[in-house]
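*Asks:* Structure incoming, see below.
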Amino acid sequence: MTSKRLALHSRMHVDTISPILSIRLTHMKTTIELPNDLLKQAKQTARAEGATLRALIEEGLQHALRAREQRKIVGLDFPTFGGSGLTEAFSEGDWSQLRNEIYRGRGG
0 MTSKRLALHS RMHVDTISPI LSIRLTHMKT TIELPNDLLK QAKQTARAEG
50 ATLRALIEEG LQHALRAREQ RKIVGLDFPT FGGSGLTEAF SEGDWSQLRN
100 EIYRGRGG
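Counting along the sequence shown from 1, when you hit position 24 you're at 23 in numbering that gives the first Met the number 0, and nothing is skipped either side.
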């Protein structure tokens with residue numbers, strides 16, 4: 000699969016304070032490589048929606064980062080029950096015996 004280089008250009012905002020020049024960078028320019036078919040589809044989608052390719056890529060990146068952040072937040076609560084572990088019949092750690100008991104009568 001070949002890739003095309005895509006340069007994402009952005010604007011630099013320049014604030015001037017006399018006599019000193021202060022430059023505030025709010026965007027960075029970067030280059031990414033995308034598979035040709037993905038780039039073609041992205042361009043078609045952006046064109047159909049009247050958006051820029053840059054805006055579509057930015058939206059997708061924000062969505063992906065939010066989704067990852069949400070996965071970090073979601074915690075799993077595993078049910079626990081009082082007791083001191085396995086019963087004597089299963090204390091030897093024979094997992095095939097334990098599995099057979101769990102699925103007994105259930106076709107497993």
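Each residue gets a CB set at the ideal place from its N, CA and C atoms; glycine is no exception. As the structure is a prediction and not an experimental result, all values here were calculated from the model.
Please list the terminal residues of the continuous beta strand (DSSP E) segment that includes L33.
*Replies:* Here residue 33 refers to the residue found at position 34 when the sequence shown is read from its first residue. Run containing L33: 29 to 34, per the beta strand (DSSP E) assignment.
*Asks:* In the DSSP assignment, the alpha helix (DSSP H) including G92 goes from what residue to what residue?
*Replies:* As a position in the sequence shown, residue 92 is number 93, starting the count at 1. Counting along the chain, G92 falls outside any alpha helix (DSSP H), and DSSP gives it neither H nor E.
*Asks:* Among R70, A66, L33, which residue has its Cα nearest to the Cα of L52?
*Replies:* Numbered from its first residue, the sequence shown carries residue 52 at position 53. The option with the nearest alpha carbon to L52 is L33.
*Asks:* Just reading off the alpha helix (DSSP H) that L60 is part of, what are its end residues?
*Replies:* On the sequence shown, position 61 is the one that residue 60 refers to. It spans 52 to 72 - the alpha helix (DSSP H) in which L60 sits, taken as one unbroken run.
*Asks:* Roughly how many angstroms separate the alpha carbons of G81 and Q61, rounded to a whole number?
*Replies:* Taking the first residue of the sequence shown as position 1, residue 81 is located at position 82. Taking the first residue of the sequence shown as position 1, residue 61 is located at position 62. Going by the C-alpha atoms only, they are around 43 Å apart.
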